[in-house]
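Residue numbers (UniProt numbering), protein chains in the order written: chain A, 1 to 334; chain B, 1 to 334. For each residue, glycine too, the CB sits at the ideal point set by N, CA and C. Since the structure is predicted, the reported quantities are computational estimates derived from the model, not experimental observations. What follows is a short report on a single structure.
Protein chains: 2
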Amino acid sequence: MKKLAIGVDIGGINTAFGLVDENGDLYAESVISTKKYPYVDDYPAYVEDLCDSMRALAQSLSFEYELTGIGIGAPNANYHKGTIETPANLWKFKEGDPNPDESRRVFPLADDISKCFGGVKTLITNDANAATIGEMIYGNAKGMRDFIMITLGTGLGSGFVANGEMVYGHDGFAGEFGHVIVERNGRECGCGRRGCLETYVSATGIKRTAFELMAKMNAPSKLRSIAFDDFDASMISAAAEQGDPIALEAFRYTGEMLGRALADVVTVTSPQAIFLFGGLSKAGKLIFEPTQWYMEENMLFVFKNKVKLLPSGIQGKNAAILGASALIWQEAAK
Amino acid sequence: MKKLAIGVDIGGINTAFGLVDENGDLYAESVISTKKYPYVDDYPAYVEDLCDSMRALAQSLSFEYELTGIGIGAPNANYHKGTIETPANLWKFKEGDPNPDESRRVFPLADDISKCFGGVKTLITNDANAATIGEMIYGNAKGMRDFIMITLGTGLGSGFVANGEMVYGHDGFAGEFGHVIVERNGRECGCGRRGCLETYVSATGIKRTAFELMAKMNAPSKLRSIAFDDFDASMISAAAEQGDPIALEAFRYTGEMLGRALADVVTVTSPQAIFLFGGLSKAGKLIFEPTQWYMEENMLFVFKNKVKLLPSGIQGKNAAILGASALIWQEAAK
């Protein structure tokens with residue numbers, strides 16, 4: 001009988017999910033609202049809605065299959081415990097909550113979802129780790145035992161694979177490469193510290209860079225007519241493709257920051273390849289060329305010209321669902 | 001029958017080796033000169049000398065045992081290939097060599113040693129990785145699946161264990177944490193770049209710091225009477241224990257540089273513990289206290305107060321031999 005897994009991608013606005021086979025073919029997909037359930041007390045109703053909708057999707061297929069498991073990608077997910085822990089944008093306290101104790105915001109989602117499906121194997125990890133496993137199972141990292149995935153979105157996520165296994169670390173939160181400090185006393189980060197890599201290398205990071213450059217440089221630029229609040233990173237790509245000097249310099253600088261940071265982390269894990277995934281990576285050579293150049297320029301001699309910098313093979317609108325479903329196939333292959 | 005492994009520690013001056021059991025008990029040890037064989041062409045004679053001496057040691061025991069394998073710790077060792085590749089201080093070209101082609105300086109030592117012993121399993125890795133495995137098999141990391149070992153000697157070596165396995169990386173050279181760049185345009189490093197961690201955190205690093213501080217500070221200090229060429233790091237420990245202000249500041253600064261770098265790498269691998277081994281680590285709280293403080297001060301919130309900073313459990317004169325022998329027990333346990 002055909003085997004399928006459900007992949008679930010939990011974002012702050014929507015939760016998308018789909019039925020996927022071992023080759024990464026998607027048979028059916030659906031979505032519910034996450035933001036309809038904003039508060040701690042809404043969590044049980046969210047679980048019920050998600051279970052009902054997943055069950056409806058699972059019953060919608062016209063052929064028989066075996067449900068091998070459910071893989072979930074979510075922010076602040078702890079792989080070892082199956083929990084989502086104190087997520088910034090999910091199930092928050094209402095203002096004036098009499099007991100805003102963060103230990104109440106540890107949500108045992110893997111267990112709760114597994115129960116709806118008669119105890120089927122349910123695994124959860126953060127979205128970047130899910131994308132990493134997706135790359136390994138369906139994408140360009142097939143057969144690689146040591147690689148790094150960098151996911152460029154609003155922030156910078158990452159996943160590290162060593163000896164063919166995902167590095168979750170002791171407490172299940174490994175791979176926070178976006179929070180390596182690359183500039184002492186640098187830009188303010190959402191984590192409360194300063195100078196984290198993601199404040200430079202991400203959609204918000206390159207936007208901040210563009211505004212810094214508008215202050216620093218005198219060159220004319222179309223970007224100067226757009227207010228900070230109306231600005232998004234895709235405008236920089238569009239301007240760079242027309243030769244805008246501020247936009248081009250913004251990409252060079254972003255590549256420099258990423259390339260330097262990659263050269264450092266290569267000395268630690270010695271990967272075969274590094275994959276760039278998501279938003280900024282779609283700018284192609286605008287981001288790949290400076291990143292590659294600065295990575296090699298700063299590389300320790302034993303690693304020079306050995307590490308490939310490649311685009312992800314699972315780009316596209318279903319990447320997050322595929323990545324989450326890959327958790328199940330990866331586990332089954334152990 | 002009792003099982004023993006031979007552990008071999010290759011340094012620039014001597015090569016020490018010994019017979020070790022699974023508990024880390026050393027039954028016999030011996031040593032040959034490495035520096036007697038300085039040039040590329042001396043390598044075969046070195047191998048012969050080492051094999052003869054190891055065989056003599058192996059035959060010296062008064063009881064019967066099974067030789068399970070030979071583990072070697074050496075600079076620039078490639079675990080995957082069993083080679084020592086272009087080591088800085090071993091088997092160099094004679095001045096005026098007509099063909100100083102670095103590809104001639106790849107030495108297949110694991111195979112060569114294995115042949116002397118009828119094909120017994122022979123594994124090689126760098127000294128820091130060997131110490132790491134020693135910590136895991138005999139030391140304070142027993143039972144830990146995710147930890148980091150930092151070896152503080154003339155330079156800074158490191159070993160990373162994730163999911164219970166040593167991270168060798170794609171090309172066998174992972175774990176060069178001493179060459180993460182912590183200060184852009186910082187101190188000149190032997191690797192040809194600038195600002196590497198080991199130029200600040202190592203015996204030579206703290207010596208450089210002491211000289212920088214003598215220039216920067218006005219405080220009186222005993223260290224001011226010693227010339228750079230006559231100076232070694234142990235003098236700083238001795239002075240610090242007597243309250244010397246320059247020596248104390250040198251330790252604080254060294255701990256700051258190490259603590260910051262550790263906070264960064266924790267975000268990537270999320271270890272249960274970090275072990276400090278060798279030279280500088282013996283300064284005890286002089287180095288542990290500032291390192292711990294700056295590590296926590298710079299830690300991403302999800303990792304705060306979770307990661308232990310501990311002394312190695314395999315310190316002492318035979319640590320390198322024990323570490324190398326542990327390669328064999330680690331492999332046997334797979």
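Check whether the Cβ atoms of residue i and residue j sit closer than 7 Å, and answer yes or no.
i: E102/B; j: T86/B; result: yes
i: G195/A; j: G205/A; result: no
i: L123/B; j: G71/B; result: yes
i: R145/B; j: N163/B; result: yes
i: A239/A; j: A227/A; result: no
i: Q272/B; j: I133/B; result: no
i: K94/A; j: Y43/A; result: no
i: P245/A; j: A210/A; result: no
i: A320/B; j: G73/B; result: yes
i: V180/A; j: L197/A; result: yes
i: A324/B; j: G7/B; result: yes
i: A263/A; j: N298/A; result: yes
Using a cut-off of 9 Å between C-beta atoms, extract the partners of residue i located in chain B.
i: P271/A; result: G169, H170 and A174
For residue i and residue j, what's the separation of their Cα atoms in angstroms?
i: L19/B; j: S62/B; result: 13 Å
i: A77/A; j: L156/A; result: 16 Å
i: V201/A; j: C189/A; result: 12 Å
i: L90/A; j: N126/A; result: 14 Å
i: T254/B; j: T291/B; result: 8 Å
i: L280/A; j: I236/A; result: 10 Å
i: A88/A; j: P100/B; result: 58 Å
i: R260/B; j: L327/A; result: 33 Å
i: E289/A; j: R193/B; result: 22 Å
i: K334/B; j: V182/B; result: 36 Å
i: V120/A; j: T154/A; result: 33 Å
i: K36/A; j: A131/A; result: 26 Å
i: V106/B; j: C191/B; result: 18 Å
i: D112/B; j: N318/B; result: 24 Å
i: L109/A; j: F277/A; result: 26 Å
i: D21/B; j: P75/B; result: 24 Å
i: R184/B; j: K216/B; result: 20 Å
i: V302/B; j: F251/A; result: 31 Å
i: residue 387/B; j: Q59/B; result: Any property of residue 387/B remains undetermined from this structure, which presents chain B solely from 1 to 334.
i: E212/B; j: E249/B; result: 11 Å
Please list, in chain order, all residues of the same chain as residue i whose beta carbon is under 6 Å from its beta carbon, the five residues on each side excluded.
i: A233/B; result: A203, I206 and K207
i: L300/B; result: T267
i: L57/B; result: A28 and S30
i: F275/A; result: E135, M149, L310 and S312
i: F147/B; result: A141, V161, P271, Q272 and A273
i: D49/A; result: I32
i: residue 399/A; result: No answer is possible for residue 399/A: the residues shown for chain A start at 1 and end at 334.
i: T199/B; result: R187, C189 and G205
i: K308/B; result: A273
i: F177/B; result: S158
i: V167/B; result: F160 and A174
List the residues of chain B whose Cβ lies closer than 8 Å to the Cβ of residue i, in chain order.
i: H179/A; result: T267 and L300
Enumerate in chain order the residues of its own chain whose CB-to-CB distance from residue i is below 7 Å, with the five nearest sequence positions on each side excluded.
i: R224/A; result: M214
i: E296/B; result: K304 and N305
i: F231/A; result: K207
i: G139/B; result: S312, G313 and I314
i: Y294/A; result: G255, E256, G259 and R260
i: K222/A; result: A239 and D244
i: M54/A; result: I6 and F17
i: E241/A; result: none
Residues of chain A with CB under 7 Å from residue i, in chain order?
i: E165/B; result: N163
i: K306/B; result: D171
i: F160/B; result: V268
Quick one: what's got a C-beta closer than 8 Å to residue i's C-beta in the same chain, skipping five residues either side?
i: T34/A; result: I10, G11, G12, I13, N14, T15, Y46 and L90
For residue i, go through chain B and note every residue whose CB falls closer than 7 Å to its CB, in chain order.
i: C191/A; result: L300 and F301
i: residue 348/A; result: Nothing about residue 348/A can be reported from this structure: the residues present for chain A run from 1 to 334 only.
i: D264/A; result: V180 and I181
Q) Below 8 Å, can you find three or more Cβ-Cβ pairs linking the stretch 164-183 of chain A to the stretch 69-84 of chain A? A) yes
Q. Per the contact definition of three or more C-beta pairs closer than 8 Å, is the stretch 1-9 of chain A in contact with the stretch 55-70 of chain A?
A. With a cut-off of 8 Å, the stretch 1-9 of chain A and the stretch 55-70 of chain A count as touching, because enough Cβ pairs lie within range.
Q) Does the stretch 277-292 of chain B touch the stretch 314-321 of chain A, meaning 3 or more C-beta pairs lie closer than 8 Å? A) no
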